[in-house]
Amino acid sequence: MRLLIFLLALTVTQAVADDEPFIVVLGVAQDGGVPQAGDNDHPGWDDAARRRLVVSLGLVDPSSSERWLFEATPDIAEQLVRLGRIAPTRLRAPGLAGVFLTHAHMGHYTGLMHFGHESMGARGVPVYALPRMTEYLSTNGPWDQLVRYENIELRELTAGTPVKLNKRLSIRPFLVPHRQEYSEVAGFRIEGPGRSVLFIPDIDSWDAWDEAGVQLESVLAEVDVAYLDATFFADGEIPGRDMSGFPHPFIAHTMKRLAPLPPAQRAKVRFIHLNHTNPALWPGSEARKVIERAGYRVAEPLERVSLGAANPGDSP
Ligand SMILES: [Zn+2]
Ligand SMILES: [Zn+2]
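Note that the working numbering has the sequence shown beginning at 475, numbered continuously upward.
Structure below.
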């Protein structure tokens, strides 16, 4: 009898855990992907294990069968397949309740083209972005055609104002200091019923955020997992090019800055948006060992983070 009760309890716990919303990592690379165009000798052209798709997160709520995408990358076709295998949908393609965009650099929005007339011919996909970004999309070709043909439906975000997705999920957009040629730049805090996840794929520097009055440490304290810009491992990574032209916090700098924090805070950090030159892309590399020894992690393709209270464990 006791065994029966135990098994019943286990089944109920499992059912609750399976029902919790979660984040799944659909890409970890910088805008150009891995391998990058022009890098013709890269082993990734022949070996899928050496490829990495451009940075993207999927958000899934199994109880409502809803799915959202963070970023529309040049790899979106493949990312939709991966998302579909994890969270199948019978809805018309792309089967998304919405897409959240951070900014107008090529890795973060150009995948929208697949929703258009020449490809999927999607109907009214909600696309969430800050005001300059929505203005950019609705006033510049070819993106304005997606709006006119109603392939996408723009939903303007306000920095600092959360958007409620359903009764247990909401997204809080905020401004991030980063090159702003065509749009401002957003970061997102994804809030679930039990846990929350921070997503900052691009930022010029943590110091620039300090100057804007926001400390990374305080933001980190308020979330459970933080996917942070890790474009380059350290200075000198691109031989022959002045790296001040690519302002991003080096992983080495971020680790040094957060070193005084307790281990539980450091363990929240998962580095993402890695350039094709970044040695930390590869499990087992010396760079990866340095990161892990210091108590941080690198985002792995298809890893999941539960947003529920019932299932604090994450599965890679
Ligand atoms: Zn980027
Ligand atoms: Zn960028």
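Even for Gly, the Cβ is constructed at its ideal location relative to N, Cα and C.
With distances taken Cα to Cα, identify the nearest neighbour of residue i among the options.
i: His591; options: Gly572, Tyr610 and Asp618; result: Asp618
i: Leu500; options: Gly558, Glu766, Pro737 and Arg524; result: Gly558
i: Ile725; options: Ala686, Asp676 and Pro713; result: Asp676
i: Asn749; options: Phe720, Leu604 and Arg767; result: Phe720
i: Trp756; options: Glu494, Arg524 and Ile497; result: Arg524
i: Val772; options: Glu552, Arg731, Glu665 and Tyr701; result: Tyr701
i: Ile696; options: Val743, Ile712, Tyr656 and Val659; result: Per the sequence shown, the amino acid found at residue 696 is Glu instead of Ile. Among Val743, Ile712, Tyr656 and Val659, the Cα nearest to that of Glu696 is on Val743.
i: Phe544; options: Thr635, Pro600, Asn752 and Ala686; result: Pro600
i: Val508; options: Val498, Val529, Asp492 and Pro605; result: Val529
i: Lys730; options: Gly634, Lys641, Arg767 and Asp492; result: Arg767
i: Ser718; options: Pro647, Arg653 and Gly687; result: Arg653
i: Leu735; options: Gln689, Trp542, Ser539 and Glu777; result: Gln689
i: Thr751; options: Val764, Glu711 and Asp716; result: Glu711
i: Phe706; options: Gly581, Ser538, Ala761 and Gly615; result: Ala761
i: Leu604; options: Met594, Gly585, Val637 and Asn625; result: Val637
i: Gly769; options: Ala783, Ala738 and Leu781; result: Ala738
i: Arg541; options: Gln504, Ser644 and Leu611; result: Ser644
i: Leu631; options: Lys641, Met607, Pro651 and Phe589; result: Met607
i: Ile497; options: His579, Arg715 and Gly666; result: Gly666
i: Phe662; options: Asp684, Thr635, Ser679 and Asp678; result: Thr635
i: Ile560; options: Thr613, Asp716 and Leu531; result: Leu531
i: Gly595; options: Met580, Thr613 and Glu624; result: Glu624
i: Gly668; options: Phe648, Glu691, Arg642 and Asp684; result: Arg642
i: Gly583; options: Ala708, Leu611 and Gly569; result: The amino acid occupying residue 583 in the given sequence is Tyr; Gly does not appear at that position. The option with the nearest alpha carbon to Tyr583 is Leu611.
i: Leu527; options: Gly585, Ile765, Pro647 and Glu494; result: Gly585
i: Ile626; options: Asp549, Phe648, Pro647 and Met587; result: Met587
i: Ile664; options: Asp716, Ile550 and Gly782; result: Gly782
i: Leu533; options: Glu685, Leu554, Trp519 and Ser759; result: Leu554
i: Arg564; options: Leu732, Pro651, Ser538 and Val621; result: Ser538
i: Gly581; options: Pro647, Val621, Ser679 and Gln510; result: Gln510
i: Asp684; options: Leu649, Asp716 and Phe673; result: Leu649
If contacts are defined as beta-carbon pairs under 8 Å, then residue i and residue j qualify, I think. What distance do you get, rounded to the angstrom?
i: Ile746; j: Val502; result: 5 Å
i: Ala571; j: Leu639; result: 7 Å
i: Ala660; j: Thr576; result: 5 Å
i: Arg566; j: Arg597; result: 7 Å
i: Asp703; j: His727; result: With a Cβ gap of about 11 Å, Asp703 and His727 do not count as contacting.
i: Val693; j: Val671; result: No, Val693 and Val671 are not in contact; Cβ-Cβ is about 12 Å, not under 8 Å.
i: Asp505; j: Pro536; result: That pair is no contact at about 31 Å.
i: Tyr656; j: Arg629; result: Actually they do not touch by this definition, with Cβ atoms about 19 Å apart.
i: Pro568; j: Phe589; result: 7 Å
Pull the bridge partners of residue i from the DSSP assignment, please.
i: Lys638; result: Ser644
i: Ile497; result: Leu533 and Val779
i: Val772; result: Phe745
i: Trp542; result: Leu533 and Gly572
i: Arg663; result: Arg646 and Leu672
i: Ala551; result: According to DSSP, which records beta bridges pairwise, Ala551 is partnered with nothing at all.
i: Val508; result: Arg526
i: Ala503; result: Val528 and Leu748
Which ranges would you report for the beta strand (DSSP E) in the segment 681-754 if only whole runs of at least 3 residues count?
Fully enclosed beta strand (DSSP E) runs of 3 or longer: 699-703 and 743-746.
Could you please go through the chain and list the residues whose beta-carbon is closer than 5 Å to any non-hydrogen atom of ligand 2?
Counting every residue whose Cβ lies closer than 5 Å to a heavy atom of ligand 2, we get His579 and Asp676.
Whole beta strand (DSSP E) runs in the segment 610-638 with 3 or more residues, listed along the chain?
Runs found: 626-630.
Kindly provide the ranges of any beta strand (DSSP E) runs that are 3 or more residues long and lie completely inside the segment 558-610, ordered along the chain.
Within the segment 558-610, the runs of beta strand (DSSP E) that reach at least 3 residues and sit entirely inside it are, in chain order, 572-574 and 599-603.
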